[in-house]
Amino acid sequence: MTKSKFLETLEISPINAAIKKEEDLNDLIGLDLSFVFVLSSDIIRLEDIVKKLQKQGKFPFVHTDMLTGMASNPILVDYFYKKFGNSCGILTTKNSIVEAAVRKDIRVVQRVFLIDSISVEVNIRSLKKNTPDAIEVMPGVIPKGIRFLKKEMKSIPIIAGGLVETKEEIMEALKAGGVGVSTTKKALWTL
134 MTKSKFLETL
144 EISPINAAIK
154 KEEDLNDLIG
164 LDLSFVFVLS
174 SDIIRLEDIV
184 KKLQKQGKFP
194 FVHTDMLTGM
204 ASNPILVDYF
214 YKKFGNSCGI
224 LTTKNSIVEA
234 AVRKDIRVVQ
244 RVFLIDSISV
254 EVNIRSLKKN
264 TPDAIEVMPG
274 VIPKGIRFLK
284 KEMKSIPIIA
294 GGLVETKEEI
304 MEALKAGGVG
314 VSTTKKALWT
324 L
């Protein structure tokens, strides 16, 4: 998927399912979702999970920091590129993974945690250096954090994730400047 197609699709389809286990794949069948964040898996089952999602017309983002059986370092990006090309994205907190994914033109969402003013400053510095395709701000229920990041990082779309449990929280995140939301709450996937 090209970066422009990713951004265009995210604008029109802001709800992103986040799945914690393989069994959650069945709950996605028939849902009109463009992106799915695969929050945990292992190197043995990953290819099957990615293929199942792609067969449903969904673009997976794999949380590589939580991928069992392979170290989360830049060589992982080479593996992803060899295995999936540009048909699977990466979700990560690691700057080195973002840099490697950008070089390979693999769609990458960088997950950042805003817990205090120091973490905000550190994250903004690394985001300006790495320029991921999108930022997932955690927790997603902090509109103030979304507004602050949006002001500092105008050109990178922001996805709110973590602790998003109600329609109202989705609306607050979007109103604050987020372009999308990721949630494990299945009832929200169809909004």
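In this text, residue positions in the sequence shown follow the numbering used here: the first is 134, and each later residue adds one. Beta carbons are placed, not taken as given, at the ideal position from N, Cα and C, and that holds for glycine. Because the structure is a prediction, the values reported are computed rather than measured.
- The alpha helix (DSSP H) runs of length 4 or more contained entirely in the stretch 193-247 are, from start to end of the chain, 208-217, 228-237.
- Where Ser-315 is concerned, the enclosing beta strand (DSSP E) starts and stops at 313-316.
- In this structure, the beta-carbon distance from Val-231 to Gln-243 falls below 8 Å.
- Around Lys-237, the same chain offers Val-210, Tyr-214 as residues with beta carbons nearer than 7 Å, after the five sequence neighbours per side are excluded.
- Within its own chain, the residues whose Cβ lies closer than 6 Å to the Cβ of Leu-296, once the five positions on either side in sequence are excluded, are Pro-272, Val-274, listed in chain order.
- Counting along the chain, Met-271 sits inside the beta strand (DSSP E) bounded by residues 267-271.
- A direct Cα-to-Cα measurement between Leu-200 and Glu-156 gives close to 17 Å.
- Taking the C-beta atoms as reference points, Lys-300 is found nearer than 8 Å to Leu-321.
- The beta carbons of Ile-152 and Leu-172 sit about 6 Å from each other, so the pair counts as a contact at 8 Å.
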